[in-house]
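Each remark here refers to the structure printed beneath this line.
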Amino acid sequence: MNNHTLHSKSWSTQEASKHYCIDKWGANYFSINEAGDVVVTPGGADNGPSISLYEIAQEIEMRGLSMPVLLRIENILGSQIKLLHETFRKVIRENDYRGVYKGVFPIKVNQQEQVIEAIGQFGENFNHGLEAGSKPELIAAISMLKNRNACLICNGYKDEEFIDLGLFAVKMGYQVFFVIEVPGEVDLIIERSKYHNITPTLGLRIKLSTQAEGQWAESGGDSSVFGLTMSHIIDVIDRLKQEEMLDCLQLLHYHIGSQIPNIRDIRAGAMEACRLYEELVKEGAPMGYLDLGGGLAVDYDGSNTDSHSSRNYSLEEYCSDIVESIITVLDKNDIPHPTIITESGRAIVAYYSVLIFNILDVSSFEPHPIPATLPDVDSDLLENLMTTYNMVSAKDIQECCNDALFYRSQARQLFKHGHITIRERAQAENLVQHILIKISEFSRELTHIPKDVQTMNRLIYDIYYGNFSLFQSLPDVWAIDQILPTMPLHRHLEKPSRQAIISDITCDCDGKIDSFPGIIEKKSNIMLHPLKPDEEYYMGVFLVGAYQETLGDLHNLFGDTNVVSIHVNDDGSYKFILELEGDSVADVLSYVGYDIRAIRTRLKAQAEDAIQNGLVSPHERKSILANFEEGLRGYTYFEKQSTTDI
Ligand SMILES: *Cc1c(COP(=O)(O)O)cnc(C)c1O
9 MNNHTLHSKS WSTQEASKHY CIDKWGANYF SINEAGDVVV TPGGADNGPS ISLYEIAQEI
69 EMRGLSMPVL LRIENILGSQ IKLLHETFRK VIRENDYRGV YKGVFPIKVN QQEQVIEAIG
129 QFGENFNHGL EAGSKPELIA AISMLKNRNA CLICNGYKDE EFIDLGLFAV KMGYQVFFVI
189 EVPGEVDLII ERSKYHNITP TLGLRIKLST QAEGQWAESG GDSSVFGLTM SHIIDVIDRL
249 KQEEMLDCLQ LLHYHIGSQI PNIRDIRAGA MEACRLYEEL VKEGAPMGYL DLGGGLAVDY
309 DGSNTDSHSS RNYSLEEYCS DIVESIITVL DKNDIPHPTI ITESGRAIVA YYSVLIFNIL
369 DVSSFEPHPI PATLPDVDSD LLENLMTTYN MVSAKDIQEC CNDALFYRSQ ARQLFKHGHI
429 TIRERAQAEN LVQHILIKIS EFSRELTHIP KDVQTMNRLI YDIYYGNFSL FQSLPDVWAI
489 DQILPTMPLH RHLEKPSRQA IISDITCDCD GKIDSFPGII EKKSNIMLHP LKPDEEYYMG
549 VFLVGAYQET LGDLHNLFGD TNVVSIHVND DGSYKFILEL EGDSVADVLS YVGYDIRAIR
609 TRLKAQAEDA IQNGLVSPHE RKSILANFEE GLRGYTYFEK QSTTDI
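Next comes the structure, spelled out in structure tokens:
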């Protein structure tokens, strides 16, 4: 009997939407269709066609690519860039702001060639540019950016080579801004620009006293390692005046952190920066550009609050607060409104990738049936547990909960001291499990569930083993407790009956997902469907387009996943525009220093020794080596096809 199945009468896609909160975090891109599949609508709020992610997952496997797969829905990038620009334009118009908005994409958020290429393409009409923080990023940016009206912002520590690269980009007609991050950079920039006889456009990165809440609080405020202090700013201005280069200073930049959950901090940062902007104008710098950095947050948990994984503002409020802050400060002294630049990374790319994986197995919280007669044990342990089990009722719930935990620890003590056997202990733990489940069922009838019981209810879950590595594909879940929405891609007409958490296949106890979006607060487990024998159970982790790909690592030597990009056409058809095979076993071994040829040589020698020792035949050696070969070529994740038989 399936004890902790929720006794369900009905279930609808609306209830499924509510349970997984997809109606909250889906942001018009993700929802559930009438067939009970999760669908993506790449046009977002503009509507347009929707396609089933379940169908896509099946099609990917039919084409021979194994799970896990990182699916990119290309059009979403276009939709997000358009949304950002149109919202700024609307707010600018409504407020009679006398300047324009220009965005740049910070390459570090997702450096993949295909991503940067798509941003160049979709951003073309909006003059959306790029931000680079290192030499490789700058070279990538110059090679990808065609639009000479788009900005190219150079942040980060710059050596001579970095500066030269930027200066050559200036010569080729790009709108390059050299942002001075540390006082020492200014001399080198002056020297290199004189040497090449190229006039640079300069910006200052300032250290604001405004410190944003959230995960990246330290990026801003006094503890920030980046940016110029007030005295540094004065030094730079004086230095530029001395060189008669003050007219190069046109931009002011700050970045107070990523994923800023509270709009109050966005406004405070903008106001403070505008005061500094005003002072720079008064000092005689031409200025013209205000670059407010990143920070525009993504509502990962759908709560629309100032929690770390959310934001308490809409995109329109974000744009309005920036535009209004600038007007408020600068209009007092009739200072012309600057071109607004933001470096939104996360908000542009998060929605565009979904990690899709299959469930390999379930470790169920399902006790064995209670035996008709209990074995005779010296102590009263099993009888006491049986009595507790029979006693469970809504009114005794707290007491039974205490008893169950007491007897469980007694069983463990008795076992430790050799008083009961492993079979007896198993019996005891099995009874405890029955009690916990019974308590959990009764607790559903209560309006107030005691805290201990709530805690215990959360311990009743199945472990669903997903074919993925958290460390490779979802590093922020592990590193900073980021909530990323996770749910099955299909079967949403069926009521999910199993309370579950999801484990990856790295054998690391941290490799699990046990935080999920909830309506009131985050949930430590979600409801899933029992597996069917002949059907894959596909799940998706959503909103993974920002930061996850490059921050991921080779923990347990699980490598890059397969990547598939799709483009959805207006008529609802779609095409696979790119398939990238993930790392093979040989690839990841070579990343950590193994020479694959040497591995082959050694394997051959080992197999030869086995022949010499009479353990295998020459024919078996051949099959064994063929299997090793196939193993080296294979995917690092769980694959379905079997290897060659010996
Ligand atoms: C990381 C970073 C960004 C991107 O921030 P998001 O919150 O992802 O938009 C922008 N600018 C700078 C300087 C950064 O370091």
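Sequential numbering of the sequence shown, starting at 9, is according to my numbering. All C-beta atoms in this analysis are idealised placements derived from N, C-alpha and C, irrespective of residue type, glycine included. For clarity, every value in this text was computed on a predicted model and none was experimentally measured.
Should residue i be counted as a contact of ligand 1 given a C-beta to heavy atom distance under 7 Å?
i, result
"His316", "no"
"Gln267", "yes"
"Arg354", "yes"
"Asn570", "no"
"His93", "no"
"Val301", "Looking at the sequence shown, residue 301 is not Val but Gly. Yes."
"Glu42", "no"
"Pro114", "yes"
"Ala148", "no"
"Ala554", "yes"
"Glu351", "yes"
"His136", "no"
"Glu557", "no"
"Asn163", "yes"
"Leu304", "yes"
"His263", "yes"
"Glu252", "no"
"Glu637", "no"
"Glu374", "no"
"Glu139", "yes"
Hey, would you say residue i sits closer than 8 Å to residue j, going by beta carbons?
i, j, result
"Arg354", "Gly302", "yes"
"Val331", "His261", "no"
"Tyr297", "Thr347", "yes"
"Ile59", "Val46", "no"
"Thr218", "Ala276", "yes"
"Ile147", "Leu175", "no"
"Ile171", "Glu139", "no"
"Leu597", "Ile585", "no"
"Tyr28", "Gly52", "no"
"Tyr473", "Ile509", "no"
"Tyr643", "Gly590", "yes"
"Met547", "Thr494", "yes"
"Tyr415", "Thr429", "no"
"Val440", "Leu497", "no"
"Tyr308", "Trp33", "yes"
"Leu61", "Glu587", "no"
"Asn83", "Val549", "no"
"Asp578", "Pro57", "yes"
"Thr674", "Ser201", "This structure cannot speak to residue 674, because the chain is shown only from 9 to 654."
"Ile445", "Met464", "no"
"Leu259", "Gly211", "yes"
"Arg80", "His345", "no"
"Ala281", "Leu254", "no"
"Ile1", "Ala615", "A query on residue 1 cannot be resolved here, the shown segment of the chain reaching from 9 to 654 and no further."
"Ala554", "Val77", "no"
"Lys215", "Gly235", "yes"
Run through the DSSP bridge pairs and tell me what residue i is partnered with.
i, result
"Glu139", "Pro114, Ile161"
"Met535", "Gln507"
"Pro496", "Met547"
"Gln183", "Cys159"
"Glu587", "Val572"
"His261", "Arg213, Asp299"
"Val47", "Ser39, Ser60"
"Thr336", "DSSP, once it has assigned bridges, lists no residue as partnering Thr336."
"Ile188", "Leu212"
Would you check whether ligand 2 has a heavy atom nearer than 7 Å to the C-beta of residue i?
i, result
"Val117", "Ligands present in the displayed structure are limited to ligand 1, and ligand 2 is not among them."
Under 8 Å, Cβ to Cβ, is there at least one residue of chain B near residue i?
i, result
"Ala402", "Of the chains in the structure shown, none is chain B; there is only one protein chain."
Q. So, do the segment 453 to 460 and the segment 396 to 408 have three or more beta carbon pairs nearer to each other than 8 Å?
A. yes
Q. Looking at C-beta atoms only, is the number of pairs between the segment 159 to 167 and the segment 178 to 186 that lie closer than 8 Å three or more?
A. The segment 159 to 167, when compared against the segment 178 to 186, does touch it at the 8 Å Cβ threshold.
Q.
For the structure I just gave you, are there three or more beta carbon pairs, one from the segment 264 to 281 and one from the segment 224 to 238, closer than 8 Å?
A. yes
Q.
For the segment 383 to 392 against the segment 562 to 579, do three or more pairs of beta-carbon atoms, one drawn from each stretch, fall closer than 8 Å, so that the two count as touching?
A. no
**Q.** Cβ contact (3+ pairs, closer than 8 Å) linking the segment 303 to 310 and the segment 353 to 367
**A.** yes
Q) Does the count of Cβ pairs from the segment 359 to 370 and the segment 419 to 432 closer than 8 Å reach three? A) Too few Cβ pairs lie closer than 8 Å, so no.
Q: Kindly confirm or deny that the segment 275 to 295 and the segment 311 to 326 touch, where touching means at least three C-beta pairs closer than 8 Å.
A: Taking 8 Å as the limit for Cβ pairs, the verdict is that the segment 311 to 326 does not touch the segment 275 to 295.
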